[in-house]
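Numbering (the working numbering), first residue to last: 923 to 1115. Note sheet for the following structure.
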């Protein structure tokens, strides 16, 4: 497959009776029947689409014609292409970093799509997930952290109190038994004498 690149990050190639177009630009102009004014159309969020058009229809990005079609179709058809990639080393930090890089060129994901992507990756008990949750849901995470720390503190204090009372009572019982035993011994020795 041979891709044709135009100067403004627009790639196009023929795929059967359609043209595949990939771009980083947010919109294009659709010209009909040799008119001098085109209609502005939004590029799909994926920035990839297949374009089929009737005779004399063509599209432009920033006043540069990408492709003109001459009578291959009877109607205008735009098909959105969803490009995916398998990322084996994907984690929440890399998702956020990729979105920040996309934001620099104006193609970042909206919050709903970003949450969906994080949801597809999954939530595990690891530092990456905890950092992500602290970033996206700080009130919930700080509340849960406070509850966890305070319950741990209460558990430790109650264990220390229980240990103190157990050893203190055992120590007192040991002294009383020793004293009682020594008195009986004393009485026993006195009776023998």
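All C-beta atoms in this analysis are idealised placements derived from N, C-alpha and C, irrespective of residue type, glycine included.
Span separating the alpha-carbon of residue i from that of residue j
i, j, result
"residue 1075", "residue 931", "58 Å"
"residue 1040", "residue 1073", "30 Å"
"residue 1028", "residue 980", "25 Å"
"residue 997", "residue 1050", "49 Å"
"residue 1087", "residue 1080", "11 Å"
"residue 948", "residue 978", "23 Å"
"residue 958", "residue 1025", "33 Å"
"residue 953", "residue 1012", "41 Å"
"residue 1061", "residue 962", "42 Å"
"residue 1068", "residue 943", "52 Å"
"residue 1090", "residue 1071", "28 Å"
"residue 1085", "residue 1066", "28 Å"
"residue 1082", "residue 1092", "15 Å"
"residue 1054", "residue 1031", "16 Å"
"residue 941", "residue 1047", "45 Å"
"residue 937", "residue 1014", "35 Å"
"residue 1033", "residue 951", "28 Å"
"residue 960", "residue 935", "22 Å"
"residue 939", "residue 999", "11 Å"
"residue 1059", "residue 1077", "27 Å"
"residue 955", "residue 971", "22 Å"
"residue 1038", "residue 933", "28 Å"
Under 8 Å between C-beta atoms of residue i and residue j
i, j, result
"residue 1017", "residue 1043", "yes"
"residue 945", "residue 973", "no"
"residue 1021", "residue 1036", "yes"
"residue 995", "residue 966", "no"
Residues that residue i bridges to, as DSSP identifies them
i, result
"residue 998", "For residue 998, which the question treats as bridged, DSSP gives no partner whatsoever."
"residue 937", "940"
"residue 974", "999"
"residue 1088", "Answer is none; residue 1088 lacks a bridge partner."
"residue 962", "951"
"residue 946", "In DSSP, residue 946 forms no bridge with anything."
Cβ-based neighbour list, residue i, same chain, cut-off 8 Å, excluding 5 preceding and 5 following
i, result
"residue 1052", "1063"
"residue 968", "1002, 1003, 1004, 1005"
Sequence-distant residues of the same chain with beta carbon closer than 6 Å to residue i, five excluded per side
i, result
"residue 1056", "1063"
"residue 964", "949"
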